[in-house]
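Engineer:
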Amino acid sequence: MFILLCLTFVLSFTTGKTNVRLMNNTRLKIINGQVLDIQHRPFMASIHFGSTFICGGTIMSASWVLTAQHCIHPNENIMHYYNIRAGSTYYYKGYVHHLSRVTRLNPENSHGGKGLPRNDVILIKVTPQFQFSSIIRPAKMPKVNDLIPEVLWVSGWGITEYKVSLHYFFKL
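The sequence shown runs -16 to -1, 1 to 156 under mature numbering (1 follows the signal peptide of the UniProt record, and there is no 0).
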């Protein structure tokens, strides 16, 4: 699964079909994407610490969201400050799910360059469970022998140009 996610990201840039500016800043989100409605990516969720947007995530099941490990602080005592919003095109609107448990997919001290974890993925358990609908669904996972399509998309919240609000949901 991790390899597929990495491959999706890498292939979206190696096909040469995007005009995204890559900058060395992990705080930047998608720039120059296309505005998209949540109905086209109902598996997307936004992760917040208190009322502050932190990262996007992918709904994997009724109880689990996949995101980048660097988005979640490892201190179990502050988990109750995190919440996950799903079912909205906008990262600041939508039904709120509170975190109940975090399960790491990689060793805690396995870091790559620039202070980021080498395997930068984490599964987050949410409670209450997601109630699936046309705008809240788990991501479809490939079967073992599925071929990787030529065109892949990266989705998340971003901006249409630099120094503009992050309110919209995008695809690249």
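Just so you know, even glycine gets a beta-carbon here, dropped at the ideal spot from N, CA and C. All of these numbers come straight from a predicted model, not from anything done at the bench.
Using the Cα positions of T42 and G78, report the straight-line distance between them to the nearest angstrom.
Structural biologist: Position 58 of the sequence shown, counting from 1, holds the residue named residue 42. Position 94 of the sequence shown, counting from 1, holds the residue named residue 78. Cα-Cα distance, rounded: 15 Å.
Engineer: Going by the DSSP bridge assignment, what does H32 pair with across the sheet?
Structural biologist: Taking the first residue of the sequence shown as 1, we reach residue 32 at position 48. Answer is F37 and N67.
Engineer: Could you have a look at L136 and say whether DSSP puts it in helix, strand or coil?
Structural biologist: The residue you call residue 136 lines up with position 152 of the sequence shown. Coil.
Engineer: Hey, how far is the Cα of V128 from the Cα of V110?
Structural biologist: Within the sequence shown, residue 128 is the residue found at index 144, counting from 1. Within the sequence shown, residue 110 is the residue found at index 126, counting from 1. C-alpha separation (whole angstroms): 27 Å.
Engineer: Buried or exposed: S139, going by 16 or more other Cβ atoms within 10 Å of its Cβ?
Structural biologist: Counted from its first residue, the sequence shown places residue 139 at position 155. The residue in question, S139, is buried, as its Cβ has 16 or more Cβ neighbours within 10 Å.
Engineer: Taking the continuous beta strand (DSSP E) assigned at T73, which residues delimit it?
Structural biologist: Here residue 73 refers to the residue found at position 89 of the sequence shown. Per DSSP, T73 belongs to no beta strand (DSSP E) and is neither H nor E.
Engineer: Taking P26 as the reference, which of S35, M44 and I38 has the closest Cα?
Structural biologist: Here residue 26 is taken as the residue at index 42 of the sequence shown, counted from 1. Looking at the Cα atoms, M44 is the closest of the given residues.
Engineer: Can you tell me whether DSSP reads H81 as helix, strand or coil?
Structural biologist: Taking the first residue of the sequence shown as position 1, residue 81 is located at position 97. Reduced to three states, the DSSP call for H81 is strand.
Engineer: Compare the beta carbon distance of A46 and Q113 with 9 Å and say whether it is the shorter of the two.
Structural biologist: As a working note, residue 46 is residue 62 in the sequence shown. As a working note, residue 113 is residue 129 in the sequence shown. Yes, Cβ-Cβ distance for A46 and Q113 is below 9 Å.
Engineer: Kindly indicate the opening and closing residues of the beta strand (DSSP E) around residue 220.
Structural biologist: No information on residue 220 is available, as it lies outside the stretch -16 to 156 that the chain covers here.
Engineer: Can you check whether the CB of G40 is closer than 9 Å to the CB of I119?
Structural biologist: Counting from 1 along the sequence shown, the entry for residue 119 is found at position 135. Counting from 1 along the sequence shown, the entry for residue 40 is found at position 56. No, Cβ-Cβ distance for I119 and G40 is not below 9 Å.
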